[in-house]
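Since the structure comes first, as structure tokens, the remarks are kept for the end.
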Amino acid sequence: MGKLIQFILQNRLLILTISVLILGAGYTSYKQLPIDAFPDVSPNLVQVFTTTEGLAPEEVEKYVTYPVEVAMNGLPELAKIRSVSNFGLSVVNIYFKDGTDLYFARQLVNERIQEAREQIPEGFGEPEMGPISTGMGLILFYYLDDESGQYSLEELRSIQDWIVKFHLQTVPGVTEVLGIGGYEKQYQVNINPFSLLQYDITIQDVIEKIRNNNLNVGAQFIEKNSEEFIVRSVGLASGIEDIENIILKSESGTPVLLKEVANIEIGGAIRRGIQTYNGIGEVVSGMVVKLYGTNSSSVIGQVETKMDEINNILPKGIKIVPYYEQKTLVTACVKTVSNALLQGIILVVLILFIFMGSIRPSIVVAASIPFSVLFAMIGMNYFNISANLMSFGGLAIAIGMLVDGAIVVIENIEKVLKSSGHSKSKKQLISSAFLEVIKPVSFAIIIIIIVFLPLFTLQGVEGKTFRPLAYTIAIAMFGSLIYATIIAPVLSTFVLKIPKDLKLVKEIWLVKILNKFYTPIITHFVKNRTIAVSLAVFLILAGITIFPQLGSEFTPKLNEGSIVVRVSMAPSISLTESKKTTLAIEKRLMSIPEITSVVSRIGRGEVGAHADPVNSAEMYVILAEKGNWRPNLNQDGLESIIRETLDDVPGVLVNITQPIAMNVDELLEGIKAELAIKLFGDDLEILKAKADKISAVIREVPGADDVQVDQVSGTPQLLITINRQAIARYGINISDIQEIVHSSIGGEKVGEIFEGNRRFDITVRFEEKYRNSVEAISNIVVQSPRGINIPLSELVDIQEITGPRQITRENNQRFITIQCNVSDRDIGSFVEEGKSAIQEKVVLPPGYLLNWGGQFRLQQEANKRLAVVVPITLIIIFLLLFISFNSLKNSLLILLNIPLALVGGIVALWLTGQNLSVPSSVGFIALFGIALENGMVLLSYMNQLVKEGATKYEASIKGAQLRLRPVLMTALTTSLGLLPLLFASGAGSEVQRPLATVVVGGLFTSTILTLLVIPALFQWFSDEG
Amino acid sequence: MKKIILSTIIITALITFWVTKEMVNSHQNNYSIQEHESHSGHGDHEDHKENITEKVLFEFGAEVDIASSGILNKTIELPGEIQLDPDRLVHITPRFGGLVKEVYKQIGDKVNEGDLLAIIESNESLTVYELKSSINGIIIDMHFTKGETAQNSDNFFAIANLSKVWLNLSVYQKYLTQLKIGQTVNVLIKKDFPSISGEISFISPTIDEHTRTAIARVVLSNSYGWLRPGQFITGFVTISQSSCSIMIPKTAIETIKGLDVVFTKNEHGYEPINIKIGQQNSEFVEILSGLKIGQQYVKKGGFILKAQIAKSSFGGGHNH
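Below you can see the structure in the form of structure tokens.
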């Protein structure tokens, strides 16, 4: 240490230059930091979507999901593959281990998709990867407002798809713009099957003829008078008339035109989702998806500028209206954190001035804040941590601690300078004062950094939420360590002065007053140690009594300031009915005065962000300015009003959530129950039956609560089974029938119409009344190779059955989940009992497998990890203490701070009516380190005094008196730095409040301990004598 | 003193360990509480079927009606073609070959019985004779030009009386058993115009070898002249007409656990009752049992009541 300080003081210019460089680098890093609202807690996953028009879940699974899954097996860093085969859509989620580079993962998946493509039968869809984004990527939703009322939903959708989307996609940082609502324009050829019969034409003929009569070709060039003429043959249909006049056949010179057998019109494509608003009707809408890793706030800003430009080129009367913007949230979070930071800094600086009594030392100490904060920026940039509520929250929490090291160092230097006069050179004085305190200070800061180690072992959502906080605190503390040990002494040589006349040095009034009160108390305590011991014991007992009264909760939800009402309707519901219900619910919501408008998405739009079926509606509730709310109404109150309003809506489940939370939940596994028993197997029927049996058995196990089996069936199907004998008699192939069923009922794309840049599909299908009922379908006529017309019902059996609504698979196997919660007993024993009960009562066919999981498993794992990591951390702290003091007793005395600090935290939670939660636990962990600092500084000083010849008694009292100022200062700066977080009410404050409460409370009791109990117990715990 | 140190150490260690453990355990309990909260929010919904008021029912698009009797028509749609009634088509040919001296009518002209069509000079007698129409009708074909020599059968006036035409319907095998002579057939010529109807007068006893269909013939009156022979037309055959003691729209039928039900009003509100379905067409069904005449039932939008009953089961597995 002596050499270090010599080197530092000899190379002051070098040190200053390096510091300035660090400040500069920190500022540049800060400018480059991506700004988000929250840390992104989405899992590391790549989604593969395949739309397969009109295919039922069973076929989707067989022909699409399975090949994709198989292709993805064995990828490096693969964690898990889960898939959902829905009607018309296959979604395969490929989860990678945390920390895998997303682009690397996508590249791997992309290579394998090529393999999968070859395995998927033609016409069954193309697997594609979802947008390069995460659950936080949906940054802006908008709808097109047509004030003129002149535009149809098809026209609006075309404007969305071909103007708005096109332009928004060019904004850097936007990876995708997904449209939903209205109708995608199509040229529909609606065939009258009777006309086909009468002209003796089949639907296949029609399809072929349209395909053959709609194309352009090139024919190289011809030379003409030394010039080249490119030859183009143009035969593209350009509109309805061209399609209408396609010749189907010619009967003795008389052409039969397409319009004779079909009605050609512009219509909307089949849709699996719509967008409605305000209970009025449908609307066309879009969502902007942000590229992974880009800066939310700058992307949003650019999108907004672009939207203004687009508004100018849109047809008159149409305008883009954003109805959800993540920007509001980002702004709110930035405001919360920057307010806390600013207020914290002001309070800290104020304390410094009051206790230091002069400007110069205060400046040297306060400079620790910008240095450490900018140092943290460099670290954040290096570790790819975005600026968000949690990472900057970490800085806000640390703000008071950042000056602690500098306080102790500068305070001592100043004291030495004031007391020693001009006997030695300034440098010498500084160096000796520095050496007095540097050891406990650096050890104390290192301990604070080390206590955050357990946070790095948190996994999943909590891990991703709190790790940025742990990172920034640790890095900033490291910065403050550098500042205190290297830069502060250098700055002192420039800024601090040796007072000219020692007699003129006045003691600071506040310290004087405090000492006046403190001296008699501490003398009393040192004399009557039993009081000190009983105080400590009393505090600990108080903590033990209060602790069981604390409630516990999960991480308090991050308040996004937006409300989404999620409505689940019956699984068999039609889009029409679902729209009707949604509109009625919207009308109800609109009757709440705080709600200015409601925009709902039913089902899914363009594939990429959502895979919801049509029985699910997500209603974005747009709220009035807080000022216009009914008095005393907050968001929670409003949510219960919404719940009440929707309470008697028949046949729906209502869930109130928030946009980002909802998206992230969707990407996560989605099992919220403590216990999830997964039954893996092949046959859906058996799975369902066995799952029902298992749930019955589990229900009987004492402690079982909310037992629920996944609802896997419930979608009505019209099953067409081909009668092989019947088709053999007529010589018809199965594929002939399949084709007719596919194209006449489902429709077939037969080409495209180009309108400038825009392209629209031409589809062929039967007129609606000839395909919309079982009778109509049974009357569809099939022509045999010999020209005999046979109604479909003579060739097939048509049944109405109930089929699966979706098929979920994990790691290549179908599964069904039985969820349950456990109340009033230990989960471990419940699982044991449940396992044996199932083994006894349920016989599983070979190949069927049970897997017990759920949140309890994750918790057990987390607990196991913490149970190892927390004691290890304590041992490391103890070792550091031991190294620092070289005394077992001293180290134990300091460790005594920990239980007392915990008591303070518990009491503070209890007094403020808060619960034990993940953030408050983080606060307790932080206390381990923060609480030790003061004790270390004090104890080391008392040891020094003893070394210099004082008795233990004298050392106890004198040490306590002299260290009162730094101890109070560090305690006050740390707690006042946190004060703004305690009282903040902005977005995201609810996560940091429990943390701040615990630290402030803990600091309070541990400071009492440091100031009263440690001096009193010093004699017992001192090594000498 | 050693004792105190020892006990301090023990207390410190115990408390540190205990508090740490409790903190850790507290995570575990979190989930159950969270879960309970979300459940208690919805748990009391399960018995709501009785609480749905009529007001709410109507708000969500349901309609109610009183069960009543009605006549149920069952129709099938068959492709057909208009043909001339062979009994109303005459071919007027010159009785003797000769020179056509004069032609008075053109294709498309309407003629009455006895109207002069042409004058021919007989080759044999070299006298002129008149060719006259033998029926009221329209000239649909003719092979007469002034100045040519007309032979016996080559040259003729085809005159058809189109006031009645035949509609030949192609009948697939599966309908043959349902078709009977005398059943009513309607044809639609134009939208928003009264349909023309007739009765099946003949069903072919054999089936065509090539098309595997039989012919059912309907004589249609053609007073407006819109039915043109050769024209393709669709016939709606009423294959049965039965009066039902209770007939309700199909929209009222819901299926719960594979059984057909109708929601009816009783003192508790609306509840499903099992019904037995008799005959049905595309719009209506006959109710054989379950529903009483005069009983109030949900005619449309009973789906929300069904969904309400099934509500407890569709919460899980929302999306994934």
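Those sequence lines, one after another, are chains U and H.
Note that my numbering numbers the first sequence so that position 920 is 920, with each residue one more than the last.
Note that my numbering numbers the second sequence so that position 229 is 1254, with each residue one more than the last.
The C-beta atom is built at its ideal place from N, Cα and C for all residues, glycine as well.
Computed from a predicted structure; not experimentally measured.
| task | Sort out for me which residues DSSP pairs U:CYS820 with in a bridge. | result | Here residue 820 of chain U refers to the residue found at position 820 when the first sequence is read from its first residue. Its beta-bridge partners are U:LEU675.
| Using the beta-carbon of each residue, which ones in chain H are nearer than 8 Å to U:SER793? | Counting from one through the first sequence, the residue named residue 793 of chain U turns up at place 793. Scanning chain H for C-beta atoms nearer than 8 Å to the C-beta of U:SER793 yields LYS1199, reported in chain order.
| Between the Cα of U:LEU976 and the Cα atoms of U:GLY988, U:GLY986 and U:ALA996, which residue gives the shortest distance? | The count along the first sequence starts at 1 and reaches residue 976 of chain U at position 976. That would be U:ALA996, whose Cα lies nearest to the Cα of U:LEU976.
| query | U:THR545: buried (16+ other C-beta within 10 angstroms of its C-beta) or exposed? | reply | Position 545 of the first sequence holds residue 545 of chain U. Burial state of U:THR545 is exposed, judged by a 10 Å Cβ sphere holding fewer than 16 other Cβ atoms.
| request: Kindly say whether U:PHE194, judged by its beta-carbon, lies nearer than 9 Å to any beta-carbon of chain H. | output: The residue you call residue 194 of chain U lines up with position 194 of the first sequence. Output row for U:PHE194: interface = yes.
| message | Which same chain residues end up closer than 8 Å to U:ASN789 when comparing Cβ atoms and leaving out the 5 residues on each side of it in sequence? | response | As a first step, residue 789 of chain U must be located in the first sequence, where it is residue number 789. Around U:ASN789: LEU197, VAL781, VAL782 and GLN783.
| said: What would DSSP say about U:ASP205, mapped onto helix, strand or coil? | reply: Taking the first residue of the first sequence as position 1, residue 205 of chain U is located at position 205. Shown here, U:ASP205 sits in a helix according to DSSP, grouped into three states.
| task | Flag H:ARG1253 as yes if its beta-carbon sits less than 9 Å from any beta-carbon of chain U, otherwise no. | result | In the second sequence, counting from the first residue as 1, residue 1253 of chain H sits at position 228. Using a CB distance cut-off of 9 Å, H:ARG1253 does not count as an interface residue toward chain U.
| query | Do U:GLY935 and U:SER1022 have their CB atoms nearer than 9 Å? | reply | Counted from its first residue, the first sequence places residue 935 of chain U at position 935. Counted from its first residue, the first sequence places residue 1022 of chain U at position 1022. Taking 9 Å as the cut-off, the Cβ atoms of U:GLY935 and U:SER1022 do not count as close.
| Option nearest U:GLY746 by Cα separation, candidates U:ILE877, U:ILE777 and U:GLN725 | Mapped onto the first sequence, residue 746 of chain U falls at position 746. Nearest of U:ILE877, U:ILE777 and U:GLN725 to U:GLY746, Cα basis: U:ILE777.
| query | Start and end of the beta strand (DSSP E) containing H:GLU1296? | reply | Here residue 1296 of chain H refers to the residue found at position 271 when the second sequence is read from its first residue. Residues 1294 to 1299.
| request: Select from the segment 741 to 774 of chain U all residues with a C-beta closer than 7 Å to any C-beta belonging to chain H, and list them in chain order. | output: From the segment 741 to 774 of chain U, only SER773 have a Cβ closer than 7 Å to chain H.
| Which residue from H:LYS1189, H:ASP1134 and H:TYR1154 puts its Cα closest to that of H:ASP1166? | Within the second sequence, the letter at position 141 stands for residue 1166 of chain H. When each option's Cα is compared against that of H:ASP1166, the closest is H:ASP1134.
| task | For H:GLU1060, count neighbouring Cβ atoms within 10 angstroms of its own Cβ and tell me buried if that reaches 16, exposed if not. | result | Taking the first residue of the second sequence as position 1, residue 1060 of chain H is located at position 35. Low confidence applies to H:GLU1060: its pLDDT is 37, below 50, so where it sits in the model is not reliable enough to give any reading.
| query | Closest by CA to U:GLN738, which one among U:GLY74, U:ASP647, U:THR721 and U:ARG211? | reply | What you label residue 738 of chain U is simply residue 738 of the first sequence in a count that begins at 1. Closest option to U:GLN738, Cα to Cα, is U:THR721.
| task | Could you tell me whether the Cβ atoms of U:MET969 and U:GLU436 are closer together than 9 Å? | result | For the purposes of this step, residue 969 of chain U is identified with residue 969 of the first sequence, where counting begins at 1. For the purposes of this step, residue 436 of chain U is identified with residue 436 of the first sequence, where counting begins at 1. For U:MET969 and U:GLU436, no; Cβs fall outside 9 Å.
| Over what stretch of residues does the beta strand (DSSP E) that includes U:LEU140 continue unbroken? | Residue numbering aside, residue 140 of chain U sits at position 140 when the first sequence is read from its first letter. Judged by DSSP secondary structure, U:LEU140 falls within the beta strand (DSSP E) whose first and last residues are 138 to 146.
| field | Stretch-stretch touch, CB-based, cutoff 8 Å, three pairs: the segment 1010 to 1020 of chain U with the segment 520 to 529 of chain U | value | The segment 1010 to 1020 of chain U is in contact with the segment 520 to 529 of chain U.
| query | Considering only the beta carbon of each residue, do U:ILE399 and U:VAL284 sit closer than 9 Å? | reply | Within the first sequence, residue 399 of chain U is the residue found at index 399, counting from 1. Within the first sequence, residue 284 of chain U is the residue found at index 284, counting from 1. Taking 9 Å as the cut-off, the beta carbon of U:ILE399 is found no closer than this to the beta carbon of U:VAL284.
| request: Let me know if U:ALA689 comes out buried or exposed under the rule of 16 or more other beta-carbons within 10 Å of its beta-carbon. | output: Locating residue 689 of chain U in the first sequence gives position 689, where the first residue counts as 1. Exposed, by the Cβ-count rule.
| Proximity test, Cβ basis, 9 Å: U:MET307 and chain H | Taking the first residue of the first sequence as position 1, residue 307 of chain U is located at position 307. Not closer than 9 Å to any Cβ of chain H, the Cβ of U:MET307 fails to qualify, so no.
| said: Using only CA atoms, which one of U:GLY130, U:PRO315, U:THR763 and U:GLU111 lies nearest to U:VAL46? | reply: Here residue 46 of chain U refers to the residue found at position 46 of the first sequence. Minimum Cα distance to U:VAL46 is reached at U:GLY130.
| task | Could you check which residue in U:VAL321, U:ALA116, U:SER296 and U:SER297 has the C-alpha nearest to that of U:ASP308? | result | By one-based count along the first sequence, residue 308 of chain U stands at place 308. The shortest C-alpha separation from U:ASP308 is found at U:VAL321.
| task | Could you say if the segment 647 to 656 of chain U and the segment 555 to 570 of chain U meet the contact criterion of at least three C-beta pairs nearer than 8 Å? | result | yes
| task | Please compile the residues from chain U whose C-beta is within a distance smaller than 8 Å of the C-beta of H:THR1236. | result | As a position in the second sequence, residue 1236 of chain H is number 211, starting the count at 1. What H:THR1236 touches in chain U: GLY787, ILE788 and ASN789.
| query | Is the shortest distance between the beta-carbon of U:ALA584 and the beta-carbons of chain H less than 9 Å? | reply | For this step, residue 584 of chain U is matched to residue 584 along the first sequence. Yes - at least one Cβ of chain H is within 9 Å of the one on U:ALA584.
| From this set, U:VAL709, U:MET390 and U:VAL174, which residue's C-alpha is nearest U:ASN295's C-alpha? | To locate residue 295 of chain U, count along the first sequence from 1; it is residue 295. With distances taken between Cα atoms, U:ASN295 lies closest to U:VAL174.
| Is the CB of H:LYS1157 under 9 Å away from at least one CB in chain U? | Numbered from its first residue, the second sequence carries residue 1157 of chain H at position 132. False, the Cβ-Cβ gap to chain U never drops below 9 Å.
| said: Which residue marks the beginning of the alpha helix (DSSP H) containing H:TRP1191, and which one marks its end? | reply: Here the question's residue 1191 of chain H lines up with position 166 in the second sequence. It is not in any alpha helix (DSSP H) - H:TRP1191 instead sits in the beta strand (DSSP E) that spans 1189 to 1197.
| said: Looking at the secondary structure, which residues open and close the beta strand (DSSP E) in which H:PRO1274 lies? | reply: Here the question's residue 1274 of chain H lines up with position 249 in the second sequence. Its beta strand (DSSP E) spans residues 1257 to 1274.
| For H:GLU1088, which residues from the same chain have a beta carbon less than 8 Å from its beta carbon, with the 5 sequence-adjacent residues on both sides left out? | Against the second sequence, residue 1088 of chain H aligns to sequence position 63. Here the set comprises VAL1323, LYS1324, LYS1325 and GLY1326.
| Would you call the segment 1105 to 1123 of chain H and the segment 1168 to 1185 of chain H in contact, with 3 or more CB pairs under 8 Å? | yes
| message | Let me check one thing: in DSSP terms, what residues is U:MET619 bridge-paired to? | response | Start at 1 with the first residue of the first sequence, and residue 619 of chain U comes out as number 619. Beta-bridge pairing links U:MET619 to U:VAL565 and U:SER600.
| message | Quick test of your reading: U:SER133 and U:LYS335, contact by CB under 8 Å. State the CB separation rounded to the nearest angstrom. | response | Translated into positions along the first sequence, residue 133 of chain U becomes position 133. Translated into positions along the first sequence, residue 335 of chain U becomes position 335. U:SER133 to U:LYS335, Cβ: 25 Å. No contact.
| Any idea if U:LEU719 is buried or exposed, counting beta-carbon neighbours within 10 angstroms, 16 or more meaning buried? | Numbered from 1 along the first sequence, position 719 holds the residue referred to as residue 719 of chain U. Burial call: exposed.
| query | Which first and last residues belong to the alpha helix (DSSP H) in which U:GLY923 is found? | reply | Translated into positions along the first sequence, residue 923 of chain U becomes position 923. Per DSSP, U:GLY923 belongs to the alpha helix (DSSP H) from 918 to 947.
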